[in-house]
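Protein sequence lines correspond, in order, to chains A, B and C. Here the working numbering is used: the first residue of the first sequence is 1, the next is one more, and so on. Here the working numbering is used: the first residue of the second sequence is 1001, the next is one more, and so on. Here the working numbering is used: the first residue of the third sequence is 2001, the next is one more, and so on. For each residue, glycine too, the CB sits at the ideal point set by N, CA and C. All of these numbers come straight from a predicted model, not from anything done at the bench. In what follows, a single structure is set out as structure tokens and then discussed.
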Amino acid sequence: MRLSIPPEELMRPGHLACQGCGATLAMRYALKALGPDTIMDIPACCWSVISGPFPHTALNVPVYHTAFETGASVAAGIRAATRVLGEEHTTVLAWAGDGGTFDIGLQALSAAAERNDDFIYAVYDNEAYMNTGIQRSSATPYGAWTTTTPAENFKQRPKKDMVRIMAAHRIPYIATASVAYPEDLIRKFVRAKALKGMRFIHILAPCPVGWRAQPQHTIKIARLAVRTRLFPLLEIEDGVRWRLTVNPANPRPVSEYLALQGRFKHLTAAQVESIQESVDRNWNDSEISASMRARGPGER
Amino acid sequence: MGDALTTPPAFPEISMSSSDTAYNKTGQWRVMRPAIDAANCSRCGVCWKFCPDAAIALVDGAPRIDYEYCKGCGICAEECPRKCISFELEDK
Amino acid sequence: MTAPKPDPAPEVMMGNHALSYGALRSRVQVVAAFPITPQTQVVELLSEMCATGRLAAEFIKVESEHSAMAACIGATATGARSFTATSSQGLALMHELLHWAAGSRLPVVMGNINRAMGPPWNIWDDQTDSLAQRDTGWMQIYCADNQEVLDSVPIAYRVAESVMLPCMIVLDAFILSHTAEIVDVRSQETVDAYLPAYAPRWRLDVKDPRTFGGLTEPDPYFELRFMIERAMQEALERFDDAHAGFHAAFGRLYDTIEGYRHEDAELLIVTAGALAGNARVAVDRLREEGLPAGLLRIRVFRPFPVARLRALAARARRLCVLDRNISFGAGGIFAQEIRSALYGVPGAPEIRGHVAGLGGSEVTTDMLCDMARETARAPSCGDLVVWKGLRDAPQHSA
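Here you go:
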């Protein structure tokens, strides 16, 4: 039988993730792509707990757990050390949640991107502070309930556009990825691994607990995020050359995506429509459509 | 200070892992139980691919759920293209 | 390996450059730093040394002190010897990661130029910045001159790497950092013989993959804290070894606490840092006046050399402690530590604490002599904290 993703497992069972955790799938796929010659640092996030209590670990690569805002700065230090120690072949991976990336870690990440430090920064984005109990982050989308944006006063501002922030740094490689598209995700990590300089991969990783969704719907929700064009899967080279890698030609309505998640259940039809409009606008008025006009549709 | 600090301790010096998470039988968390109907399985590997717990092995291409670790999230049952994985309340 | 040519010894250098030369001679492999007055010359010279290849190190030009320490942590965890330098606000910004470096048992070495904490803005000498980090698990060395600044870098790495704890080398803003003194820079071979290459007991290694610092439950956490304390106590012995080895190799003798005319002194001035220079002059003057005075200079503050202090202070009748720092609500920090170390020791001297020189305010030899005379003559010392150098009375608070 031919498998569509590598069979090697560097993430072990017995980890402490909740049922249906998207962040766990993201890790499993990323490590399949990067292989054992990888050093990882993990700032505070769900994975600080998932990897298992001392003296156990679910991860079969060297891992340094670090403070919340230091994912990029510790990775910069790791890379510098591998260079002076003649171990530059090793892939350095910073593995952070959306809080550690969009919020508290943004300063260090921006600095590392500006320096074009040689490592992969991956964010598994579950769109809120899930490890502390579902508080809003700047990655939380418009309309979402969290424990700090209750339904009566749901998140009013749109999700921070991290991809464009990173693109503005003109780093060699940026990609978005989804746990529902493991082949695409793995191909992007493999591609990133072969490049030098700062590489940024943004993975949408549904959180059944925080999204008030059924754990068996993790993949379904992640897939709908792509098929509704809400979360485009793309690659950006040098911050300017955009390319769609999965093209949802006949997009599903955003309402299908929202309906599977209790965090959006308070929204009125008009509010859902406004989300649909913003998704359409983002798709049609952006570098995505421009790249499609220039190069034709992507792989699918 | 004195006495306690001269006793050679058996404590670890640093929080560094020395074993994996195999000890943690997360199958105990399971409320819903997936079960593969082998007769209808096409061995496509989708259930294996989407398992967040790496708790499905492919044995000669056939998926086998490791119930010691399967947390019962149900992704495999949901994603199975032939709908040949049942997902029902665990028999307690 | 062919040894590089010895450097032509610069005869005169500022304290900041002494720190850079200490890092050069210690063959640091990763430097990560962010500028802050009065530290800038440390990293300017190091960046030049890296750029010209004189120092084979990676220099990471980070965007904050927080990231400087984070990068040093990442580099040291991977097995490279790393160095940074900062001051005041920068050190305060690092605070979280000072705990992180110590908790991870990483022997990072850092220079800190003692500078006052704001607000209001003040760039001058004050020990409160480094002393406020006393509970982070970092060893701390307070230097009295530029030669000691340079020498303390290889000493710090030797001790830090043997007990796997980080170490901070502290020098006074401007009084040392920007003041040129004659400094002896020995050859690389001499320093190499004293300080071997870093051989970490644990590191991020793809051939032996381990997870560091993951969630640790209460009981093992408690044990790990005990092990840090044990390493700190062991560091006192390692400092003695490192100082003896340094004396043998370089001919200069250092100690965790250094005495001057202290053997028969009834009154001991106790201080740390560059103030010790003035204090030596004050001691000589007081002796001429007939007051049997002496000096203790605390060089190593963490781990606190309790036994050494007890041995050196036991014969004195009174201690005149001079703190260029303040823990609001509790007085000068050295005075507190000394009181605590001598408490319950039979015949222990009485202690009079003085706070002076905050924010670079001048501390003259005359002032030091006054403090010493007042300490000697006071009917009793009590818990008095004397503020010396304020324009108007009252001069003290209890």
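Residue from the options whose Cα sits closest to the Cα of residue i
i, options, result
"Thr1976/C", "Leu2319/C, Ala2307/C and Glu2237/C", "The requested residue 1976/C is not part of the displayed model; chain C covers only 2001 to 2398."
"Arg170/A", "Ala192/A, Ala177/A, Gly197/A and Thr148/A", "Gly197/A"
"Val2355/C", "Asn2325/C, Gln2127/C and Gly2347/C", "Asn2325/C"
"Asp103/A", "Lys193/A, Glu277/A and Cys45/A", "Cys45/A"
"Ser4/A", "Ala1055/B, Val1059/B, Ala1077/B and Val1046/B", "Val1046/B"
"Glu1013/B", "Thr2052/C, Arg2105/C and Glu2044/C", "Arg2105/C"
"His2262/C", "Thr2052/C, Ala2313/C, Arg2373/C and Arg2134/C", "Ala2313/C"
"Gly143/A", "Ala180/A, Gly22/A and Ala259/A", "Ala259/A"
"Thr2037/C", "Phe2328/C, Cys2072/C, Val2062/C and Ala2085/C", "Ala2085/C"
"Gln2140/C", "Ala2116/C, Leu2165/C, Gly2118/C and Trp2121/C", "Leu2165/C"
"Thr91/A", "Pro6/A, Trp283/A, Met40/A and Arg263/A", "Met40/A"
"Met2094/C", "Pro55/A, Glu69/A and Ala168/A", "Glu69/A"
"Ala2311/C", "Ile2257/C, Leu2358/C, Gly2359/C and Gln2336/C", "Ile2257/C"
Range covered by the alpha helix (DSSP H) that runs through residue i
i, result
"Asn2278/C", "Leu2275 to Glu2289"
"Pro43/A", "Per DSSP, Pro43/A belongs to no alpha helix (DSSP H); it is in the beta strand (DSSP E), Thr38 to Pro43."
"Cys21/A", "No alpha helix (DSSP H) holds Cys21/A; DSSP gives it neither H nor E."
"Pro2154/C", "Asn2146 to Val2163"
"Thr2076/C", "Glu2065 to Thr2078"
"Val2345/C", "Element bounds for Val2345/C: n/a, residue is neither H nor E."
"Ile1075/B", "Ile1075 to Glu1079"
Beta carbon proximity, residue i to chain A, threshold 7 Å
i, result
"Gly1081/B", "One detail in the question is off: residue 1081/B reads as Pro in this sequence, not Gly. Not an interface residue."
"Ser2087/C", "no"
"Pro1034/B", "no"
"Gln2029/C", "yes"
"Met2001/C", "Below a pLDDT of 50, predicted positions are generally treated as unreliable, and Met2001/C, at 48, falls in that range; the measurement from the model is reported next regardless. Met2001/C does not count as touching chain A."
"Pro2218/C", "no"
Beta carbon proximity, residue i to chain B, threshold 7 Å
i, result
"Glu2223/C", "yes"
"Arg300/A", "Residue placement at Arg300/A is poorly supported in this model, since its pLDDT is 39, which falls under 50; the coordinates are not used for a value here."
"Arg2210/C", "yes"
"Cys2167/C", "no"
"Thr21/A", "It should be pointed out that residue 21/A corresponds to Cys in this sequence rather than to Thr. Output row for Cys21/A: interface = yes."
"Leu3/A", "yes"
"Gly52/A", "yes"
"Trp2138/C", "no"
"Thr70/A", "no"
"Ile219/A", "yes"
Residue span of the beta strand (DSSP E) that contains residue i, given as start and end
i, result
"Gly2331/C", "No beta strand (DSSP E) contains Gly2331/C, which DSSP labels as neither H nor E."
"Val2270/C", "Leu2267 to Thr2271"
"Leu2295/C", "Ala2293 to Ile2298"
"Asp2323/C", "Arg2318 to Asp2323"
"Ala2018/C", "Per DSSP, Ala2018/C belongs to no beta strand (DSSP E); it is in the alpha helix (DSSP H), Gly2015 to Arg2025."
"Gln2140/C", "Met2139 to Tyr2142"
"Arg1033/B", "Met1032 to Ile1036"
"Arg1064/B", "Ala1062 to Ile1065"
"Met2168/C", "Cys2167 to Asp2172"
"Leu10/A", "Looking at the DSSP string, Leu10/A is not in any beta strand (DSSP E), and its letter there is neither H nor E."
"Lys1049/B", "That residue, Lys1049/B, is in no beta strand (DSSP E); its alpha helix (DSSP H) goes Val1046 to Lys1049."
Chain C contact for residue i (CB, 7 Å cutoff)
i, result
"Thr90/A", "yes"
"Arg83/A", "yes"
"Ser1153/B", "No answer is possible for residue 1153/B: the residues shown for chain B start at 1001 and end at 1092."
"Asp1003/B", "Residue confidence for Asp1003/B is low, a pLDDT of 49 falling below 50, so the modelled location carries little weight; the figure read from the coordinates is stated next. No - not a single Cβ of chain C is within 7 Å of the one on Asp1003/B."
"Ile1085/B", "no"
"Thr1021/B", "no"
"Ile1014/B", "yes"
"Phe1011/B", "yes"
Report task. Return the chain-ordered ranges of every beta strand (DSSP E) run that is complete within the region 167-241 of chain A and spans a minimum of 3 residues. Result -> 173-178, 199-204 and 233-237
Query - Length at least 3, wholly inside the region 2176-2234 of chain C: the beta strand (DSSP E) runs in chain order - result: 2180-2182
Query - At least three beta-carbon pairs within less than 8 Å, the region 102-114 of chain A to the region 2099-2111 of chain C - result: no
Requested in this report: Please list the segments of the alpha helix (DSSP H) lying wholly inside the region 41-120 of chain A, counting only runs of 4 or more residues, in order along the chain.
Outcome: 46-50, 71-84 and 106-115
Query raised in the report: Pairing CB atoms from the region 1064-1073 of chain B with CB atoms from the region 1028-1043 of chain B, are three or more of them under 8 Å?
Result: yes
Query raised in the report: Whole alpha helix (DSSP H) runs in the region 2355-2395 of chain C with 4 or more residues, listed along the chain?
Result: 2365-2377
**Report entry** Three CB pairs or more closer than 8 Å across the region 2212-2225 of chain C and the region 2277-2287 of chain C
**Finding:** no
Query raised in the report: Looking at C-beta atoms only, is the number of pairs between the region 94-102 of chain A and the region 120-139 of chain A that lie closer than 8 Å three or more?
Result: yes
Query - Every unbroken alpha helix (DSSP H) within the region 2083-2129 of chain C, with a cutoff of 4 residues, ordered by chain - result: 2088-2103
**Report entry** Sequence ranges, alpha helix (DSSP H) only - wholly within the region 240-296 of chain A, length at least 4
**Finding:** 254-259, 269-284 and 287-295
Query - contact_flag[the region 217-235 of chain A, the region 129-139 of chain A] where n(CB pairs < 8 Å) is 3 or more - result: no
Requested in this report: Would you check if the region 1073-1087 of chain B and the region 2010-2022 of chain C touch, i.e. whether three or more CB-CB distances between them fall below 8 Å?
Outcome: no
Report task. Would you check if there are 3 or more beta carbon pairs closer than 8 Å linking the region 275-284 of chain A to the region 2169-2180 of chain C? Result -> no
Query raised in the report: Would the region 2056-2064 of chain C and the region 66-83 of chain A be scored as touching if the rule is three or more Cβ pairs under 8 Å?
Result: yes
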